[in-house]
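Chemist: Going down the list, the protein sequences come from chains A and S.
With the first sequence counted from 1, adding 9 to any position gets you the working numbering.
With the second sequence counted from 1, adding 184 to any position gets you the working numbering.
All residues carry an ideal CB built from backbone N, CA and C; glycine is no exception.
My structure is below; once you've seen it, I'll send some questions.
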Amino acid sequence: MRRLRVALAAAARRPYKDGRVNVRPLQLPAVRLLRPLLAPCLLSLAACGEPAGPSAQDAAQPPAVVAIQPADLRYDRDIRPLLSEHCFQCHGQDANKRQGKLRLDVAVGQDGMRGARDVLGSGPVDQSELWCRLSSPDPEVHMPPADSGKARLDEAQTALVRAWMDQGAPYEPHWSFVPPVRPPVPAVADAAWPANAVDAFIAERLARAGLRPGPDADRATLLRRVFLDLTGLPPTPEELDAFLADARPDAYEAWVDRLLTEEPYRSRHAERMAAPWLDAARYADTCGIHTDAGRSLWPWRDWVLAAFRDQMPFDRFVTEQLAGDLLPDATQAQRVASGFNRNHVTTDEGGAIADEYLVEYAVERTSVTGSVFLGLTLGCARCHDHKFDPFTQKDFYSLYAFFDSLEEPGLYSQESDPTRAFEPFMEVPTTEQSARVAELQEFLQGARQVLDAPAPEDDAHHADFVAALPGELGLRWSALVPQSARSTGGGTLTAQTDGSLLASGTNPDQDEHELVLRTDGTGLRLLLLEALPDPSLPEGRVGRAPNGNAVLSGITVQAAPLDDPAASRPLRFSWAWADHEQADGDFGITGALRAGDATGWAVDAHRRADGRVALFLADEPFGWPGGTELRVTLEYRTPYAQHALGRVRLSAAALDEAALARLPVAASGWYRVGPFPSAGPAEAYELAAGPEADTLLDLARNFGAGNQYWTFEPELVDGRPRGLPPGTGVAYVGRRLYAPSARSLPLSLGSDDGLLLFLDGVKVFENRIDRSLAPDQDAFTLELPAGAHVLVAKVVNTGGEAGFYHRATPPEGELLGDLGLALLPDAARDSDRAARLQEAWRQSFSPVHRERSARVKELEGQLADVQRAVPRTMVMRELPEPRATFVLRRGQYDQPDPDRPVTREVPALLGPFPADAPRDRLGLARWLLQPENPLVARVAVNRLWEQVFGTGLVATSEDFGQQGEWPSHPELLDWLAVELRESGWDLSHVLRLLVTSHTYRQDSRRRQQAVAADPDNRLLAFFPRRRLTAEQIRDQALYVGGLLVEQLGGPSVRPYQPQGLWEEVAMPQSNTRVYLQGEGKDLWRRSLYTFWKRASPPPSLMTFDAPTRETCTVRRITTNTPLQALVLWNDEQFVEASRALAARTLQQPGDDGVRLAQLFRRCTGRLPTADEGAELARALADLRARYDAEPDAAEGVLALGAAPVPMDLPRPELAAWTLLGNAVLSLDATLSRN
Amino acid sequence: MDPREQHGLDLTRRRFLSRVAGSAGAALGVAALHALLGPAARAAENAPGPIGLHLRPRARRVIYLHMEGAPSHLDLWDWKPGLRARFNEDLPDSIRQGQRLTGMTSGQTRFPVAPSIFRFSRHANAQDGVWISELMPYTAKVAKELCFVHSMHTEAINHEPGITFFQTGHQQPGRPSFGSWVSYGLGSANANLPAFVVLITQGTGNMQALSARFWGSGFLPSEHQGCKLRAGADPVLYLHDPAGVRRGDRRRLLDLTARLDEQEYERTLDPEIRARIAQFEMAHRMQMSVPELTDFSDEDAETLALYGPDVAKPGSFAANCLLARRLCERGVRFVQLYMRGWDAHNNLPGEIRGQCAAVDQPQAALIADLRRRGLLDDTLVLWAGEFGRTVYSQGDLSATNYGRDHHPRCFTVWMAGGGVRPGIEFGRTDDYGYNIVENPVSVHDLHATLLHLLGLQHDRLVWRHQGRDFRLTDVFGTVRTELLA
């Protein structure tokens, strides 16, 4: 057979494993390494054929010289990557882009399409079209064409393809789409070397490359290595000593077992394993877009930690995260697990279009499922058929259909609570919380039964009250008789027999109803408006809007004596009451007291049928002897179109002046403006942003500083403490008050921190104080003249959280709430209103009820307290009916293709959907985990391999498709994949195989011969040394300093962070605008608990290559930058850790030499050499001299960090050791694992 | 050491360094590579970066002034005199064409035309003059340098996807930003500063959110992410040593770690260690160079006056413009300045006055200053928001007040220097400033054109990620040669 000898210094264009596309030697597994002696005669090809452009630096690379025998040629490994890279874009499986009715990804075409063998033909290869296209010098003929952006195959590549053609162009399926079968473990010449099957594969492959395994690492290095790999933390000197003293042959294996199964190592192991999973699952503590609101998903993280700690089998791990909510009788934990698919970014941007984001979220879940479990880039098929892998756009949307029927809004509301869980969510009570809630609910049920039990003695009292009240108040009702009426918007108002006016006909967006009415009454003060339902109105409700609702924006009245129309005068109303107000905005009745602004009384009629009543109190009595004409204008001018009342009746009543004291103060809702940041706490009190002088509460007024307006604060309710946005400065809350008569109103107040009150622009109360918010901190009596007022509270925050609390305690006897129903004429009090009045009377005046209700209130309060503390977490929850799913043209949310509906289906190539499985995510999980699935187990073991050896057996661990890399050890990968599945999906079992292999125990010194043959050390002739991850670097520093606070799980914490980072980027209304640094142990938890704000991720972790967590990251790239040095030197966290390390070293007995060795060993796991010891000693001497001479400078070194500084240590000495400790913490030997 | 082993190591080291320069360590960049390889390898400032230049570059660096929140093209650059007569008329359906609206105005029943209340006047340029709003008097004076594109359009209608699209060529998070691509393509030209620097100015108008993703490196190695230079004591995070550590102390510590690291290298032969030694040295130099950079005391009084009184306020737009010039002088490749506060949904006249007062003089000063120092020829300045604003009023329209919603269908950006055709206007919108009627330019086109000026071919500046070659221009983009000088 003809030997084909190819020099491949500049062979196949392949991706760098870190993504940069460039030219490099063909990957080792693809070709056989030749002995270097062959090199000279083959070098000449090395320089040929490369296009200009991005390749300059490769000239420095040593050529790898290779040869291939035709017998070894494999389509899948050697040919398809070339065709995929150069040809498939136009001649692949994407039908839309296919040119010339030719596809080269199949041997024989169908349906008029030609395949590779069709263009190879049966004649001589030299004359085939396939060969001509590849080899022709004519640019018109040659493929790929010059304008395709694809490079030509170079000489070596062309030779490979020619060899393949000579064999008749054999095809085989892509390796990763064929289910793995356990291969035989190869025999190895040195049978003593392999510790397990892993080693046999490694040694056999090394031997084929002419290499041998390297020497073993020393035991201390090995122990530190395995500690860091399995637990993320290094061994202590004590643990090292114990291991070094342990002469048992299986001492190492015993330690591996301990690390995986014994506390505290087991929990540490869970934390170590969780970190990369959080990257893959894109976990974060904020939503990521617009206000980047905080959200609660950490119970899902706790679930991940528990799963790793308890060594949950991988099949359960996958199933519960994909479909925990769908499991029969799902446990709380299983539903929490489904939060995996809620980790993606979401938007709360005001103008966003919900449908668009619903698509984005489902696309994201589909793509992440592809990346994480299948190692496939399915997202590529969102807009068109996949260019490289055999997946169509329809395949994508068929899979997407499993993920697009979640009960979620596409656009989330903005709320001020940063610990909110976005819907759908669930509560995750602890066992104690659940028990306490159940207990309290039982008590409460009992107390409510008692409350509702009849109290016959009350009935008579109530009847007396109702009967006596009109007399007490001088209440006398008079009818108002309609004379005429008109709608300015063109509607028709018709008088009814009951004295009401019914609207019909035209229903304009905005309207005024002008009514002319007459009465004989005198001394009138109250005006009663009855909004009546009518069958002619929408849904038979009271309003004219299509949903039956109405909003009254104002009422004005002009009154004139019948006998002297010229004496007409306007009535002014500055008090009102209504029997019902809509609760989801500032829709109270007082909104109707001011005509001309957009606020008004909304009657909530789209939710509640029946009539409404409202009372308005005139400032002066009206009604002349001889009769009075009233011209009443009901104004409906709000942004809510057509929201007019449909049928209205008016009456009026006289009232004694003294009765006014029985009417309670009416109020608008609370509004907020601010916070306005101040330069510091001291300046906060002096800051006057303007609202303190406000006498109108003008909603259109711009207070500047980023455009701040009074905005309604729905969550601020009397009697409930309310947080305000944090940060040093001032915030204002204000409302309008309406007093029927002059009175004193006792207020009970609370605030964080200081509080000032302004009534109509005049300061009436001030308390300068630093405190946390609580109810009833200040008592103050507000003196209110009769009429309308504006009350503004200025809340001064001197740092951290802010908040406000307010409660008014009106005097006994006032007609609060539904007691107002007692004022109505009997005819207006139907049975429902009578019952409500009786209940209100009971609440206010019945001693029996008071006692019973106090008990209920107490229990409700306790229950609310417990429930508030219950964590919530975001979960998956399906809609009752799945959404209809279509292929989206070009992936656009608003372009569903009605001709291409899809159902929930999986790519058949990867195995059939189990016949008896449900067509939902649960079935999908079963499909993934069935033995026919070729990818899931391979992808999982590959990730473990990557975690331990730095690079996966498939280097592109996120892409096992045809553009991904050929595995360095295909048989080993398959062996491990089968081993994982057959072990019952036991990840720890596989991990144990890896770290107890002899391969893992090798020394990490680079071996020259191995590096020359295998520059990337993919064959593992020595152990791959690697820098620690961002989390490991910080955690190790805390640990060796003795600062690390170990506690598995819990909400995220806020350790040290430079000031102002969040404020720089956040929106004023963001609930994660201000970074509130934690205290105490929050500063020293492991890094995976650090609060992750996506718009401003933890800066020191980012510097060490943590991803932003906006998208799924399966593989981090490790960089080496100057900013990393700055973090190590100057981040408060590292300076503090250095000081703690120094302090604990100085607290140990021994001279400098002993202590230096101890410090060095804590960080690096080994003792310093004599040279290193001498360097350290010299540096210590210099630093000591420096700080002894300048004790003030020592204070500067010791000032950072909240950890206590031991007082018994000499300060200059501690400063010198602190800097020395910092230097050791930043040594490469500390930052890497050897 | 055995000479043969040394030889092998040199080979692998060079291989390693070439890899580092290309991928895993370009912040160490060309200059650090020189330091490691010795004088022979040192090259001029414009040595190709990791990718190497595809074309002859016209620009060596970019200053990108991003007006975050989207300024109104109608009130600043794209004058529509005919609208005065159409005050409060309904926008004709023939103009609106029923395209999608944001959730903020989609419920509006009327779309009343709101003509700009600001006066425009004509300023000489290379064509027959350009009409510029009275809000930008200083900028009008450098009109001869400016290349206006009135026919920009974008795909997004909201800020987050809009800015993400403008910065990364894609609306959803996850892709590298413009500056990161340039850093990857060109590398750094200064051993002591990052290649891509971000500056932020807080505005006075309605502010939208910023996000680290806007200058993030996506799937590119993280050294290509924008380095935020902050106003205040620590311009680069963690730059300053703790009190009590003097420069000499740091030097002493650095010597210690270098010697110990060198021994670790001897022990392991891991080339990453030598790279780290070099990185630590660069960090030490940054501790000097950054404070020098942010200290304006070496600027003469005339220069400071040129930028206006705010230049003395760290973090102001004026101070950041001057800082941008100083960064360019020091070889930084990409300076991105964010000016927040342009999102004028209500009260546009009041808000835009404040915003323009902050940016007008400094941005004109930046152009003039670059020009007189000979830097404008190879420095490309881009001024752009993420989209435009609607001609119809959002909320109440009165003779003196109106608001404008987001408008992706057309808006104006301008460029100066760096091989851009000076003094021209390109593209045209209809009489309502609502639709493009001539020469539409997409964001991808703009990116392609800017990369072209930097000597990079947009369809060859790629990164293989998840099996696909990604680029800033996605699968789109045309170099608009009409914009080139």
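At a cut-off of 6 Å, would you count D1025(A) as near the ligand MN, judging by its Cβ distance to the nearest heavy atom?
Modeler: The ligand MN is absent from the structure shown, which contains no ligands of any kind.
Chemist: Buried or exposed for E967(A), please, with buried defined as at least 16 other CB atoms from any protein chain shown within 10 angstroms of its CB.
Modeler: buried
Chemist: If contact means a Cβ-Cβ distance below 9 Å, which residues of the region 1185-1204 of chain A contact chain S?
Modeler: In summary, the residues of the region 1185-1204 of chain A whose CB is separated from some CB of chain S by less than 9 Å are L1185, R1187, A1188, D1191, L1192, R1195, Y1196, E1199, D1201, A1202, A1203, E1204, in the order they occur in the chain.
Chemist: Suppose you measure from the CA of F380(S) to the CA of K328(S); what does that come to, to the nearest Å?
Modeler: 28 Å
Chemist: Rounded C-beta distance between A116(A) and R107(A)? I'm assuming under 8 Å.
Modeler: Not a contact, Cβ separation roughly 16 Å.
Chemist: Who pairs with Y449(S) in a beta bridge, going by DSSP?
Modeler: In DSSP, Y449(S) forms no bridge with anything.
Chemist: Going by C-alpha to C-alpha distance, which of A196(A), V354(A), L1209(A) sits closest to D301(A)?
Modeler: V354(A)
Chemist: From P188(A), W140(A), D147(A), S145(A), pick the residue whose C-alpha is nearest to that of A172(A); which is it?
Modeler: W140(A)
Chemist: Mark M152(A) as exposed unless 16 or more other C-beta atoms lie within 10 angstroms of its C-beta, in which case mark it buried.
Modeler: buried
Chemist: Between Q463(S) and N1243(A), what straight-line distance do the alpha-carbon atoms span, to the nearest angstrom?
Modeler: 20 Å
Chemist: Which partner residues of E181(A) appear in the DSSP bridge assignment?
Modeler: Answer is none; E181(A) lacks a bridge partner.
Chemist: DSSP beta-bridge partners for V622(A)?
Modeler: E539(A)
Chemist: Check the Cβ of D433(S) against every Cβ in chain A and list those closer than 8 Å, keeping chain order.
Modeler: L1192, R1195, L1228
Chemist: In whole angstroms, what separates the C-alpha of L764(A) from that of V804(A)?
Modeler: L764(A) and V804(A) have their C-alpha atoms roughly 5 Å apart.
Chemist: Helix, strand or coil for S305(S) per DSSP?
Modeler: strand
Chemist: Excluding the five sequence neighbours on either side, which residues of its own chain have a C-beta within less than 6 Å of the C-beta of F412(A), listed in chain order?
Modeler: Counting only residues of its own chain and dropping the five nearest sequence neighbours on each side, F412(A) has a CB closer than 6 Å to the CB of A371, R374, T375.
Chemist: Under 8 Å between beta-carbons, which chain S residues line up against R939(A)? List them in chain order, please.
Modeler: According to the sequence as given, residue 939(A) is Gln; it is not Arg. Those within 8 Å of Q939(A) in chain S number zero; the least Cβ separation is about 25 Å.
Chemist: Cα separation between R142(A) and L511(S)?
Modeler: Roughly 51 Å between the two C-alpha positions.
Chemist: For the region 1126-1147 of chain A, enumerate the residues whose C-beta is nearer than 8 Å to any C-beta of chain S, in chain order.
Modeler: Look at the region 1126-1147 of chain A: the residues with a C-beta under 8 Å from a C-beta of chain S are I1126, T1127, T1128, N1129, T1130, P1131, L1132, Q1133, A1134, L1135, V1136, W1138, N1139, D1140, V1144.
Chemist: Cβ of H393(A) within 7 Å of Cβ of A554(A)?
Modeler: Contact flag unset, no.
Chemist: In whole angstroms, give me the CA-to-CA distance for R257(A) and A290(A).
Modeler: 41 Å
Chemist: Determine, using beta carbons only, whether V1206(A) comes closer than 7 Å to chain S.
Modeler: yes
Chemist: In chain order, what residues of the region 281-301 of chain A put their CB closer than 8 Å to some CB of chain S?
Modeler: G297, I298, H299, T300, D301
Chemist: Can you confirm whether L217(S), when its beta carbon is compared against all beta carbons of chain A, has any partner nearer than 7 Å?
Modeler: Reliability of the predicted coordinates at L217(S) is poor, the pLDDT of 33 falling under 50, and the value obtained from them is presented with this limitation in mind. The beta-carbon of L217(S) is placed no less than 7 Å from the nearest beta-carbon of chain A.
Chemist: Is it the case that the Cβ atoms of P1060(A) and W307(A) are separated by a distance below 7 Å?
Modeler: yes
Chemist: Using the DSSP secondary-structure output, state which residues sit across from Y680(A) in a beta bridge.
Modeler: F721(A), G743(A)
Chemist: Anything in the region 430-456 of chain S with a Cβ closer than 9 Å to a Cβ of chain A? List those residues in chain order, please.
Modeler: R430, G432, D433, R434, R436, L437, L438, D439, L440, T441, R443, L444, D445, Q447, E448, Y449, R451, T452, L453, D454, P455, E456
Chemist: Looking at the unbroken alpha helix (DSSP H) that takes in N1243(A), where does it start and where does it end?
Modeler: That residue, N1243(A), is in no alpha helix (DSSP H); it is neither H nor E in DSSP.
Chemist: Any beta carbon of chain D sitting closer than 7 Å to that of D1237(A)?
Modeler: The chain labelled as chain D is not found among the protein chains of the depicted structure, namely A and S.
Chemist: Does D613(A) pass the burial test, meaning 16 or more other C-beta atoms within 10 Å, or should it be called exposed?
Modeler: buried
Chemist: Tell me the start and end of each unbroken alpha helix (DSSP H) in the region 592-652 of chain S that is at least 4 residues and wholly inside, in chain order.
Modeler: 627-637
Chemist: Among residues of its own chain, excluding the 5 on either side of D707(A), which ones have a beta-carbon nearer than 8 Å to its beta-carbon?
Modeler: W719
Chemist: My understanding is that Y616(S) touches A298(S), with C-beta atoms under 8 Å, so please give their C-beta distance in whole angstroms.
Modeler: 11 Å between Cβ atoms; not a contact.
Chemist: How about G515(S) and N374(S): do their beta carbons lie closer than 7 Å?
Modeler: yes
Chemist: Going along chain S in order, which residues have a C-beta closer than 8 Å to the C-beta of T737(A)?
Modeler: Within chain S, no residue comes near T737(A); the closest Cβ sits about 16 Å away, beyond 8 Å.
Chemist: The alpha helix (DSSP H) that contains R1139(A), what's its start and end?
Modeler: Checking the sequence shown, residue 1139(A) turns out to be Asn, not Arg. 1131-1139 is the span of the alpha helix (DSSP H), which, as asked, contains N1139(A).
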